[in-house]
Amino acid sequence: MKRTKVKELLNSTAYGAEIKLQGWVRTFRNNQFIAVNDGSTINNIQAVVDFQNTDEATLKRLTTGAAISIIGELIESMGKGQKVEVKVKTLEILGDSDAEIFPLQPKKHSLEFLREIAHLRFRTNTFNAVFKVRHALAFAVHQFFNEKGFVYLHTPIITASDAEGAGEMFRVTSLDFDNPPRDEAGKVDFKQDFFGKSTNLTVSGQLEGELAAMALGEIYTFGPTFRAENSNTTRHLAEFWMIEPEVAFNDLEDNAALAEGLLQYVIQYALENCADELEFLNNRLLEEEKSKPMDERSEMDLLTKLRFASTSDFERLTYTEAIEILKNSTPNKKKKFKYLIEHWGADLQSEHERYLVEKHFKKPVILTDYPKDIKSFYMRLNDDGKTVRAMDILFPGIGEIIGGSQREERLDYLEKRMDEMHIPKDELYWYLDTRRFGTAPHAGFGLGFERLVLFVTGMTNIRDVIPFPRAPKTAEF
RNA sequence: UCCUUCUUAGCUCAGUUGGUUAGAGCAUCUGACUGUUAAUCAGAGGGUCGCUGGUUCAAGUCCAGCAGAAGGAGCCA
49 MKRTKVKELL NSTAYGAEIK LQGWVRTFRN NQFIAVNDGS TINNIQAVVD
99 FQNTDEATLK RLTTGAAISI IGELIESMGK GQKVEVKVKT LEILGDSDAE
149 IFPLQPKKHS LEFLREIAHL RFRTNTFNAV FKVRHALAFA VHQFFNEKGF
199 VYLHTPIITA SDAEGAGEMF RVTSLDFDNP PRDEAGKVDF KQDFFGKSTN
249 LTVSGQLEGE LAAMALGEIY TFGPTFRAEN SNTTRHLAEF WMIEPEVAFN
299 DLEDNAALAE GLLQYVIQYA LENCADELEF LNNRLLEEEK SKPMDERSEM
349 DLLTKLRFAS TSDFERLTYT EAIEILKNST PNKKKKFKYL IEHWGADLQS
399 EHERYLVEKH FKKPVILTDY PKDIKSFYMR LNDDGKTVRA MDILFPGIGE
449 IIGGSQREER LDYLEKRMDE MHIPKDELYW YLDTRRFGTA PHAGFGLGFE
499 RLVLFVTGMT NIRDVIPFPR APKTAEF
């Protein structure tokens, strides 16, 4: 007999039907009511055991976490609290779960504790919901680009270039650490390494993405990226997933429109396809807010925030305009900012971005045209000679969720920038070839997938939206 | 990496100016009850107070170092 999923059973009205139910015990109440969960939904189904005619030793084994298989009759529930339940005919314990040592209990656990038992936290409602939403968002990303005719491009995980300079990299080698081969100068001889050169884990697929975009037109990547930065924050990971579209003939305005469209599409998709999960996460947050003082509570609940973000236009302004707003802002005048805004050219700190998004505009913000000195070499120089066609998208509670730009397509300008920033041109000959042969305007951006999942689930620590987080001193499981 | 705070039972937390045998709720175990909704009621067990050293007649409590965690900052996605 084939099993029926809990999700299906809960929506069924086929009373009297014989069904097979398999799942894990969440709670066993009153010696007769088993709350069974099989992961198909965060909701449980109640299975009722005839305890007077069931072996006592079997009943004792119905502990939280045990895997069970039930054949029974789907009936209209006699109790309140649920429409349907399963009247147990035969009950088999597939796998015991020793209640004395199983760490999950039918009670609330702290996220910090669950992080320490990440191999078991899938079994909680919160993480069931989080990873369902994560899946839905990933699926929606592919659907969005597919509908638009983009090509999903797989860029390499192992790379020889650290060209973007996006941060510290993890070295990849098969050399013997205790006794590496040395060259005449006494340095490690990577010519004898697996690839015949020094290699690293990728920090971005952008440069390779540009190569493909200059032929396929519209591409996107969606893969893991690695940064060996010693970042200990609630929004950084050493291993994270990034979505990087790159589009030929797009300028910065097209780029911003694409980014806004993508974000609104995937949030909308989650709202439509993860209603139960988002409602659960919404209630979870509301509970949490109750313990906070009034002035720290958020103005919108999670669902309202998501509906708002997916329907209202993002605020667009230039760096120069943002500086003006910040200069004249109350916290700047009253010297409440840790870093006061005094002159054009200063990098924006988290507190400034947060002020713009959460206090001034109260909506997602697209900031463009930053000073060239605080941005990467490949961004297109504006006619003013001091700003570049960069854009950051800032989200409330998250900060920077997207960073992108229109790329510098003029070979002479690009080479000049690379010289100024000491980027080795010979190593990047293949990148420069796109500008040598049939160069064209193009633009793209990088979307941090986990930051997106953070925003949509309302979780606050990035380590809680990826199954097995990788961060400094953190590589368990 | 820097700043701040924290580390007491399986989990969440109390623990006064340093002072007898370190407490509670939940969980677990035993029993009762049997249409319960994180069931309820009664009872029981459960501790190297993060680690190392120091001050003191006396340290969970004070001091130092180390380790780990949380929040914030920087780097960024």
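Under this note's numbering, the residue at position 346 of the first sequence is numbered 394, and the numbers go up by one with no gaps.
The C-beta atom is built at its ideal place from N, Cα and C for all residues, glycine as well.
(message) Per the DSSP calculation, Q94 is bridged to which residue(s)?
(response) Walking along the first sequence from the start, residue 94 turns up at place 46. Answer by DSSP bridge pairing, in chain order: A83, E133.
(message) When you compare the CB positions of R518 and L285, do they come within less than 8 angstroms of one another, or not?
(response) As a working note, residue 518 is residue 470 in the first sequence. As a working note, residue 285 is residue 237 in the first sequence. Against a cut-off of 8 angstroms, the Cβ pair of L285 and R518 comes out as a contact.
(message) Buried or exposed, going by whether 16 or more other CB atoms sit within 10 Å of the CB of D98?
(response) Counting from 1 along the first sequence, the entry for residue 98 is found at position 50. The residue is exposed, with fewer than 16 neighbouring Cβ atoms inside 10 Å.
(request) Please state if the CB of I206 and the CB of T247 are separated by a distance shorter than 8 angstroms. (result) To locate residue 247, count along the first sequence from 1; it is residue 199. To locate residue 206, count along the first sequence from 1; it is residue 158. Cβ atoms of T247 and I206: closer than 8 angstroms.
(request) Look at the alpha carbon of A318 and the alpha carbon of D103, and state the distance between them as a whole number of angstroms. (result) Counting from 1 along the first sequence, the entry for residue 318 is found at position 270. Counting from 1 along the first sequence, the entry for residue 103 is found at position 55. Their Cα atoms are separated by approximately 45 angstroms.
(request) Could you round the C-beta distance between F503 and I414 to whole angstroms and report it? I think they count as a contact, below 8 angstroms. (result) As a first step, residue 503 is located in the first sequence; it is residue number 455 there, counting from the start. As a first step, residue 414 is located in the first sequence; it is residue number 366 there, counting from the start. Under the criterion of beta carbons closer than 8 angstroms, F503 and I414 do not qualify as touching, at roughly 15 angstroms.
(message) Please report the distance separating the alpha-carbon of L107 from that of F76.
(response) Taking the first residue of the first sequence as 1, we reach residue 107 at position 59. Taking the first residue of the first sequence as 1, we reach residue 76 at position 28. Rounded to the nearest angstrom, the two C-alpha atoms are 9 angstroms apart.
(request) Would you kindly work out how many angstroms separate the C-alpha atoms of K68 and V134, rounded to a whole number? (result) By 1-based counting over the first sequence, the position of residue 68 is 20. By 1-based counting over the first sequence, the position of residue 134 is 86. C-alpha separation (whole angstroms): 9 angstroms.
(message) Along the chain, where does the beta strand (DSSP E) containing G433 start, and where does it finish?
(response) As a position in the first sequence, residue 433 is number 385, starting the count at 1. No beta strand (DSSP E) holds G433; DSSP gives it neither H nor E.
(message) Please classify G143 as buried or exposed, where buried requires at least 16 other C-beta atoms within 10 Å of its C-beta.
(response) Start at 1 with the first residue of the first sequence, and residue 143 comes out as number 95. With fewer than 16 other Cβ atoms within 10 Å, it is exposed.
(request) Indicate the three-state DSSP secondary structure (helix, strand or coil) for G494 in the structure shown. (result) To locate residue 494, count along the first sequence from 1; it is residue 446. Looking at G494 - three-state DSSP - the assignment turns out to be strand.
(request) Classify G265 as helix, strand or coil using the three-state DSSP reduction. (result) On the first sequence, residue 265 is found 217 positions in, with the first residue counted as 1. G265 sits in coil when the DSSP states are folded into three classes, being neither helix nor strand.
(message) Please classify G257 as buried or exposed, where buried requires at least 16 other C-beta atoms within 10 Å of its C-beta.
(response) Residue numbering aside, residue 257 sits at position 209 when the first sequence is read from its first letter. Buried: at least 16 other Cβ atoms inside 10 Å.
(request) Compute the Euclidean distance between the alpha carbons of P228 and S209, then round it to the nearest angstrom. (result) Counting from 1 along the first sequence, the entry for residue 228 is found at position 180. Counting from 1 along the first sequence, the entry for residue 209 is found at position 161. Cα to Cα, P228 sits roughly 22 angstroms from S209.
(request) Decide if Q254 is buried, meaning its Cβ has at least 16 other Cβ atoms within 10 Å, or exposed. (result) As a working note, residue 254 is residue 206 in the first sequence. Q254 is classed as buried because its beta carbon has at least 16 other beta carbons within 10 Å across all chains shown.
(request) Identify whether P154 lies in helix, strand or coil by the three-state DSSP scheme. (result) In the first sequence, counting from the first residue as 1, residue 154 sits at position 106. Residue state, collapsed to three classes: coil.
(request) Round the Cβ separation of Q287 and P272 to the nearest angstrom and send it over; I've been treating them as touching at under 8 angstroms. (result) The sequence position of residue 287 within the first sequence is 239, counting from 1. The sequence position of residue 272 within the first sequence is 224, counting from 1. Just to set this straight, residue 287 is Glu in the shown sequence, not Gln. Indeed, because the Cβ distance is near 6 angstroms, the residues count as touching under 8 angstroms.
(message) For the beta strand (DSSP E) containing V295, name the first residue and the last one.
(response) As a position in the first sequence, residue 295 is number 247, starting the count at 1. Per DSSP, V295 belongs to the beta strand (DSSP E) from 287-296.
(message) Using a 10 Å radius around the Cβ and a threshold of 16 neighbouring Cβ atoms, would you call H167 buried or exposed?
(response) Here residue 167 refers to the residue found at position 119 when the first sequence is read from its first residue. The residue in question, H167, is exposed, as its Cβ has fewer than 16 Cβ neighbours within 10 Å.
(message) Whether or not the segment 303-313 and the segment 410-424 are in contact is what I'm after, with contact meaning three or more pairs of Cβ atoms, one per stretch, closer than 8 angstroms; do they touch?
(response) Contact between the segment 410-424 and the segment 303-313 is present, with at least three C-beta pairs closer than 8 angstroms.
(message) Quick check: what's the CA-CA separation for D474 versus V199?
(response) For the purposes of this step, residue 474 is taken as the residue at position 426 of the first sequence. For the purposes of this step, residue 199 is taken as the residue at position 151 of the first sequence. Their Cα atoms are separated by approximately 29 angstroms.
(message) Helix, strand or coil for Y387? Go by DSSP, reduced to three states.
(response) Within the first sequence, residue 387 is the residue found at index 339, counting from 1. DSSP places Y387 in coil when its eight states are reduced to three.
(message) Judging by CA-CA distance, which residue of L311, E347, K235, N101 is the nearest neighbour of T359?
(response) Here residue 359 is taken as the residue at index 311 of the first sequence, counted from 1. Of the listed residues, the one whose Cα sits closest to T359 is L311.
(message) Considering just the uninterrupted stretch of the beta strand (DSSP E) at D481, what are its terminal residues?
(response) In the first sequence, counting from the first residue as 1, residue 481 sits at position 433. Segment 477-484 is the alpha helix (DSSP H) holding D481; no beta strand (DSSP E) there.
(request) Please name the residue in D241, K434, D361 whose C-alpha comes closest to that of F225. (result) Residue 225 sits at position 177 when you count from the first residue of the first sequence. In this structure, D241 is the residue among D241, K434, D361 with its C-alpha nearest to the C-alpha of F225.
(message) Can you tell me whether V220 is helix, strand or coil according to DSSP?
(response) What you label residue 220 is simply residue 172 of the first sequence in a count that begins at 1. In the structure shown, V220 sits in a strand (DSSP, three-state: E or B).
(request) Identify which residue in E124, L300, S252 has its Cα closest to the Cα of A25. (result) In the structure displayed, the chain extends from 49 to 525; residue 25 sits before or after that span and is not available.
(message) Can you give me the C-alpha to C-alpha distance between D86 and Q191, rounded to a whole angstrom?
(response) In the first sequence, residue 86 corresponds to position 38, counting from 1. In the first sequence, residue 191 corresponds to position 143, counting from 1. Cα-Cα distance, rounded: 27 angstroms.
(request) Would you kindly report the start and end of the unbroken alpha helix (DSSP H) that includes S398? (result) Your numbering for residue 398 matches position 350 in the first sequence. Its alpha helix (DSSP H) spans residues 398-402.
(request) Alpha carbon to alpha carbon, how far is E372 from D324? Give it in angstroms, no decimals. (result) Sequence index remark: in the first sequence, residue 324 carries index 276 (1-based). Sequence index remark: in the first sequence, residue 372 carries index 324 (1-based). When rounded, the distance between both Cα atoms is 43 angstroms.
(request) State the DSSP-derived secondary structure class of Y63, mapped to helix, strand or coil. (result) Working through the first sequence from its first residue, we reach residue 63 at position 15. Of the three classes helix, strand and coil, the one that applies to Y63 here is coil, per DSSP.
(message) Below 8 angstroms on the Cβ atoms is my contact criterion, and I expect D299 with P151 to pass it. Report the Cβ-Cβ distance as a whole number of Å.
(response) Along the first sequence, one-based indexing puts residue 299 at 251. Along the first sequence, one-based indexing puts residue 151 at 103. In fact, because the Cβ distance is near 54 angstroms, the residues do not count as touching under 8 angstroms.
(request) Return helix, strand or coil for S453, following the three-state DSSP convention. (result) On the first sequence, position 405 is the one that residue 453 refers to. Three-state DSSP puts S453 in a strand.
(message) Please report the distance separating the alpha-carbon of A188 from that of G234.
(response) Here residue 188 corresponds to residue number 140 of the first sequence, with the count starting at 1. Here residue 234 corresponds to residue number 186 of the first sequence, with the count starting at 1. Cα to Cα, A188 sits roughly 52 angstroms from G234.
(request) Could you check the C-alpha separation between K245 and F238 for me, to the nearest Å? (result) For the purposes of this step, residue 245 is taken as residue 197 along the first sequence, with counting starting at 1. For the purposes of this step, residue 238 is taken as residue 190 along the first sequence, with counting starting at 1. Their backbone Cα atoms lie some 5 angstroms apart in a straight line.
(request) Compute the Euclidean distance between the alpha carbons of K131 and L58, then round it to the nearest angstrom. (result) The sequence position of residue 131 within the first sequence is 83, counting from 1. The sequence position of residue 58 within the first sequence is 10, counting from 1. K131 and L58: Cα-Cα distance of roughly 8 angstroms.
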